[in-house]
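This report concerns only the one structure given below.
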Amino acid sequence: MANRAGGRGDVQQLLQDKAKISNELLRKLSLCIQLTRDEISALRRGGSEEENGGVGAAIDDLAQVVAASEQAALGIIDAAERIQQSIGALRGKGGDEICDEIHAEATSILMACSFQDITGQRTSRVVKLLREIEYRLAVLSHTWELADRDSLAPAPPPADRRPDAALLKGPGAKGSLAQAAVDEIIDQRTPRRSATKG
Amino acid sequence: MSKLNTKILVVDDYSTMRKIVRNVLGQIGFSNVDEAGDGTAALEKLKLGGYGLVISDWNMEPMSGLELLKSVRANNALKDTPFIMVTAEGKPENVVTAKEAGVNNYIVKPFSPDVLKKKIEAVLGPLG
């Protein structure tokens with residue numbers, strides 16, 4: 001009898017322990033869910049109390065950076081071209097060597113403005129990535145019911161449907177070649193013109 | 199007819215690059231230069247005729263430079279038009295793909311005016 005009573009007590013103790021562990025696990029799970037929801041909300045808001053507008057606003061900011069740098073670069077190019085034109089008017093009046101130097105420098109300024117194309121392409125890649133993140137966050141919000149219950153599921157960002165999209169890695173991609181190496185590939189694949197008999 | 203009278207189409211989605219290439223072409227001596235902002239607009243212009251050289255970027259939307267090149271090579275009236283790709287895409291597979299599609303020369307951005315002139319001469323012959 002004593003053994004049976006002792007056995008019942010053990011089972012009860014075991015059940016109590018199991019319930020305690022289950023409660024603790026549920027409490028931790030609930031905490032994780034709350035933390036995840038908070039993090040998703042914070043990411044969508046922009047991550048700070050100052051509210052910088054979230055991922056969408058970051059995309060807009062980058063678009064404005066591209067537009068502003070394009071306007072600045074065009075202004076610099078216009079100015080460099082005006083210098084080149086002014087130099088043309090000065091030629092033949094003595095100091096042609098200095099004219100050549102100034103013209104060459106104006107050309108250097110102009111060529112340096114090609115940075116806008118390179119930085120623009122890199123920024124566009126970041127914008128694409130941010131759009132993808134924005135979409136994933138929207139999906140998570142929808143899943144966790146952080147978004148308005150009646151709102152539609154978020155639309156995915158438009159896919160790049162160009163047939164050669166997979167080949168477009170952008171400026172400075174790992175393994176990019178210098179001009180001399182590009183020339184070698186082109187030369188190797190260009191049939192030699194037959195020499196003309198003189 | 200002097201090679202410098204060749205009508206050139208500069209294709210790039212960045213207006214800064216179109217302006218830079220146009221300026222360098224002017225310094226080389228080309229004055230008959232036209233522009234387009236992507237492959238689709240370029241193809242429309244090319245179909246009007248008269249172009250003796252295309253200098254095109256690759257990464258443009260909706261029609262890329264590679265698709266433009268393929269369209270040019272597939273068009274009986276345009277297929278012999280010299281085509282130089284000027285692009286930031288510098289991986290070997292890009293160069294090989296462009297060459298196999300029929301590009302005449304390939305310039306990696308950023309480039310110098312001297313490189314552009316040399317590649318044009320390599321494609322058109324000495325400019326005189």
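Read top to bottom, the protein sequences are chains H and F. The opening residue of the first sequence carries number 1 in the working numbering; numbering runs sequentially from there. The opening residue of the second sequence carries number 199 in the working numbering; numbering runs sequentially from there. We put the beta carbon where it would ideally sit given N, CA and C, even for glycine.
Asked: Near-chain H residues of the region 229-251 of chain F - C-beta to any C-beta below 7 Å; Found: none
Asked: Rounded straight-line distance, which links the Cα of P156(H) to that of I226(F); Found: 47 Å
Asked: Cβ-based burial, G237(F) [other Cβ within 10 Å; buried from 16]; Found: buried
Asked: Span of the alpha helix (DSSP H) around D255(F); Found: Here D255(F) belongs to no alpha helix (DSSP H), and DSSP marks it neither H nor E.
Asked: Nearest residue (CA-CA) to C99(H), options G88(H), S108(H), I109(H), T107(H); Found: G88(H)
Asked: Beta-carbon contacts of T123(H) that lie in its chain and below 6 Å, excluding the five residues immediately before and after; Found: L62, V66
Asked: CA nearest to the CA of V55(H), picked from P191(H), L129(H), P171(H); Found: L129(H)
Asked: Whole-angstrom distance between L74(H) and R162(H), CA atom to CA atom; Found: 29 Å
Asked: Terminal residues of the beta strand (DSSP E) in which N303(F) lies; Found: 303-306
Asked: For S69(H), the nearest candidate out of R131(H), I185(H), S114(H) (CA to CA); Found: S114(H)
Asked: Proximity winner among S200(F), T214(F), F228(F), relative to A234(F) (alpha-carbon distances); Found: T214(F)
Asked: Listed by chain order, chain F residues near Q116(H) by CB distance under 7 Å; Found: Y212, T214
Asked: Cβ-based neighbour list, P171(H), same chain, cut-off 7 Å, excluding 5 preceding and 5 following; Found: I118, Q121, R122
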